[in-house]
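In terms of this note's numbering, the sequence shown has 850 at position 27, counting the first letter as 1, and numbering is strictly consecutive.
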Amino acid sequence: MGETLFTSTFTPDPKNALDVLAFVLTPIEAFASDPDELEVVAELLGAAKLEAIERWRSLRSEARLQ
824 MGETLFTSTF
834 TPDPKNALDV
844 LAFVLTPIEA
854 FASDPDELEV
864 VAELLGAAKL
874 EAIERWRSLR
884 SEARLQ
């Protein structure tokens with residue numbers, strides 16, 4: 824297991840387009856560097872990134888209705 828190089832208390836806002844975009848555009852290498860982990864991380868992040876986009880779209884639609 825790798826060494827922790829950076830930690831943050833930042834919590835992305837699922838309603839904020841820039842937060843969602845930053846997460847979606849972050850390459851998988853930012854989350855894992857071990858070649859054995861990259862495939863698994865890519866699979867997990869792919870699903871998480873799609874969920875983040877869908878959640879943002881849903882929250883945006885709800886906000887427009889109010």
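For glycine and all other residues, C-beta sits at the position ideal for the given N, C-alpha and C.
Run through DSSP, which three-state label would Pro850 get?
Residue state, collapsed to three classes: coil.
Can you grab the Cα-Cα spacing for the pair Asp889 / Thr834, in whole Å?
Before going further, note that residue 889 is Gln rather than Asp in the sequence given. For Gln889 and Thr834, the distance between alpha carbons rounds to 25 Å.
Out of curiosity, what's the CA-to-CA distance linking Thr849 and Leu868?
The alpha-carbon atoms of Thr849 and Leu868 are separated by roughly 10 Å.
Name the two residues that bound the continuous alpha helix (DSSP H) containing Ala871.
Where Ala871 is concerned, the enclosing alpha helix (DSSP H) stretches over Pro858 to Leu888.
Helix, strand or coil: which one does DSSP assign to Ala840?
Three-state DSSP puts Ala840 in a helix.
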